[in-house]
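Residues 136 to 525 (my numbering) make up the sequence shown, in order.
Just so you know, even glycine gets a beta-carbon here, dropped at the ideal spot from N, CA and C.
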Amino acid sequence: MPHLHIEEFKEIDFPAEENGVVFNFIAANANNKDEKLISVNYEGDDFFLLVKEEENRSLLKSDKLTRPASIYNVHRALLAYAKLAKLNIIASNVPEQQKNVHLQEVTALKKIEYFAQNFPRDKEVRIEVGFGSGRHLLHQAVNNPDILFIGIEIHRPSIEQVLKQISIQELDNLLVLDYDARLFMELVPSNIVGKIYVHFPVPWDKKPHRRVISTSFIEESRRVLKVDGRLELRTDSENYYAYSYETFIAFNKTVLHINKNKDIAVTSKYEDRWKKMEKNIYDVTMINEEESEDLVVEGSFEFDTFESEYENILALHGKTQKFEGGFIHFERAYVIADGVMMRLSMGSFDRPEHLYVIIQNKTITYYPTAPLKSRSNLKAHTFLQEVLNG
Numbered sequence: 136m137p138h139l140h141i142e143e144f145k146e147i148d149f150p151a152e153e154n155g156v157v158f159n160f161i162a163a164n165a166n167n168k169d170e171k172l173i174s175v176n177y178e179g180d181d182f183f184l185l186v187k188e189e190e191n192r193s194l195l196k197s198d199k200l201t202r203p204a205s206i207y208n209v210h211r212a213l214l215a216y217a218k219l220a221k222l223n224i225i226a227s228n229v230p231e232q233q234k235n236v237h238l239q240e241v242t243a244l245k246k247i248e249y250f251a252q253n254f255p256r257d258k259e260v261r262i263e264v265g266f267g268s269g270r271h272l273l274h275q276a277v278n279n280p281d282i283l284f285i286g287i288e289i290h291r292p293s294i295e296q297v298l299k300q301i302s303i304q305e306l307d308n309l310l311v312l313d314y315d316a317r318l319f320m321e322l323v324p325s326n327i328v329g330k331i332y333v334h335f336p337v338p339w340d341k342k343p344h345r346r347v348i349s350t351s352f353i354e355e356s357r358r359v360l361k362v363d364g365r366l367e368l369r370t371d372s373e374n375y376y377a378y379s380y381e382t383f384i385a386f387n388k389t390v391l392h393i394n395k396n397k398d399i400a401v402t403s404k405y406e407d408r409w410k411k412m413e414k415n416i417y418d419v420t421m422i423n424e425e426e427s428e429d430l431v432v433e434g435s436f437e438f439d440t441f442e443s444e445y446e447n448i449l450a451l452h453g454k455t456q457k458f459e460g461g462f463i464h465f466e467r468a469y470v471i472a473d474g475v476m477m478r479l480s481m482g483s484f485d486r487p488e489h490l491y492v493i494i495q496n497k498t499i500t501y502y503p504t505a506p507l508k509s510r511s512n513l514k515a516h517t518f519l520q521e522v523l524n525g
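Have a look at this one:
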């Protein structure tokens, strides 16, 4: 995570601009005086920088929740604020040089809005969830030039490694997304995906609700897969294999192929290591046999005029409100000029959205963007509006 350790944090006059980076406003944590958020816009990305004031020094870094796809944009924002505020930098891991030429040329890294607004449908789609080093994903893209591959990953070094290879190998059939795959599946059109790869997901034995494979994920996979399309799980965890098998087989009608220690065309360095350790590898492949109805999600994320009091909103800090099929958790409260801001978790229990809501001058807006348009999020939005207006 890029960051600056600074001698003392200094607040600028907002709004302000430095080298094309726009700083819009600052938000102060209502319950922790040592934490602040700075709203940034750069090259079309809206995000927060996080300030944590510590004893004898302060930390300036990217807010994890709103962190943009391009880590380069975070670098520019950190350096721009430090210059504008004339901060004394004690330590830094932010490079001064320009963006890596390969990352500068590549256009494969997409925001979720790209898929939400106009999902590519002109060719068969294959999706890999958590591509890691990208060895399997790149191999598939190189050997199947007429198929569009979408790689989903949240580990930034892995993303940059694959983007570099896309540029070097001049691949035009591979897109990369930094997003929660469980949410992403909810916007994929029905019956267009040939294969979904879930290779060596984190087992999450102590937090099973975070697992990729779940009843809802399988339901969405069945919807987006073409007839004879396949969801391929590959894992070295016997517990995860057993759990996944039970989840698949619980469906009234399903076709599964089970393999143990199956050889495939390309393996990761970790799989190579596990094989040398004689560790078992399990494959569960679900084959879709039915065509699904088209995906139709109707609704809006617009808010009515705010009619309550700011004090009532700040009092929601730390509280959880539940509705049928989901919840809203008010994680943190912030004070901004002429208003307040809340950090939220909202939506379904197994795949919630994480975002901010700004309430200012009788207007309520999401930051940095509205939630993904899904049935569960629209239901959460309606409930949120009721809570905010008391």
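Along the chain, which unbroken stretches of the alpha helix (DSSP H) at least 4 residues long are found entirely within the stretch 155-226?
206-219
Express the C-alpha separation of Leu-184 and Thr-420 in angstroms, rounding to a whole number.
42 Å
Since Leu-309 and Ala-243 should fall inside the 8 Å C-beta cutoff, what is the C-beta to C-beta distance between them, to a whole number of angstroms?
6 Å
Go through its chain and collect everything with a Cβ distance to Ser-379's Cβ below 6 Å, but skip five positions before and after it.
Ile-348, Leu-368, Val-419
For the alpha helix (DSSP H) that Arg-346 lies in, which residues bound it at each end?
Arg-346 -> no alpha helix (DSSP H), and no H or E assigned at all.
According to DSSP, simplified to helix, strand and coil, what is Asp-407?
helix
Which residue or residues does DSSP assign as beta-bridge partners of Ala-151?
Phe-158
Under 8 Å: do the stretch 221-233 and the stretch 149-164 share three or more Cβ pairs, one atom per stretch?
no
Kindly list the residues whose CB is nearer than 6 Å to the CB of Asp-429, restricted to its own chain and excluding five residues on each side of it in sequence; keep chain order.
Ser-325
N- and C-terminal bounds of the beta strand (DSSP E) containing Ile-463:
461-471
Relative to the alpha-carbon of Val-260, which residue among Val-311, Val-297, Ala-377 has its alpha-carbon at the smallest distance?
Val-311
When Met-136, Glu-189, Ser-427, Ala-215 are compared against Ala-151, the one with the closest alpha-carbon:
Ala-215
Among the residues of its own chain, which have a CB less than 7 Å from the CB of Arg-510, if the five just before and after it don't count?
Val-432
Check each candidate in Asp-257, His-290, Arg-256 and name the one with the smallest Cα separation from Gly-267.
His-290
Taking just the CA atoms, how far does Ile-161 sit from Thr-500?
16 Å
Consider the Cβ of Lys-196: report whether some Cβ of chain B lies at a distance smaller than 9 Å.
Any reference to chain B falls outside this structure, which holds one protein chain only.
One or two residues paired with Asp-340 in a DSSP bridge:
Its beta-bridge partners do not exist; DSSP assigns none.
Beta bridge counterpart(s) of Asp-418 as assigned by DSSP:
Arg-369, Asn-394
When you compare only the Cα positions, how much space is there between Leu-490 and Glu-170?
17 Å
Where does Ser-480 sit, in a helix, a strand or coil, going by DSSP?
strand
Quick check on the burial criterion: 16 or more other C-beta atoms within 10 angstroms. Buried or exposed for Phe-352?
buried
Which of the three DSSP states is assigned to Val-323 in this structure?
coil
Would you mind working out which of Trp-339, Glu-190, Gly-434, Leu-449 sits nearest Glu-373, comparing C-alpha positions?
Trp-339
Is it buried or exposed for Glu-263, if we count other Cβ within 10 angstroms and need 16 for buried?
buried
Locate the beta strand (DSSP E) running through Leu-507, then write down its first and last residues.
Premise fails: Leu-507 is in no beta strand (DSSP E) and is neither H nor E.
Does the beta-carbon of Asn-394 have 16 or more other beta-carbons within 10 angstroms, so that it is buried, or is it exposed?
exposed
Segment limits, alpha helix (DSSP H) that includes Val-277:
270-278
With a threshold of 8 Å, are at least 3 pairs of Cβ atoms found where one atom belongs to the stretch 375-392 and the other to the stretch 440-449?
no
Spatial distance of Ile-327 from Ala-251 (CA atoms):
15 Å
With a Cβ-Cβ cutoff of 9 Å, do Leu-172 and Ser-227 count as a contact?
no
Find the nearest neighbour of Asn-223 within the set Glu-355, Lys-145, His-516, Ala-515, judged by alpha-carbon distance.
Lys-145
DSSP three-state assignment for Val-432, whether helix, strand or coil:
coil
So, at 6 Å on beta carbons, what are the nonlocal neighbours of Leu-272 in its own chain, with the 5 sequence-adjacent residues on each side left out?
Glu-263, Phe-266, Gly-286
Can you give the Cα-Cα distance for Met-320 and Phe-458, rounded to whole angstroms?
23 Å
Answer yes or no: do Phe-438 and Thr-498 have a C-beta to C-beta separation smaller than 9 Å?
yes
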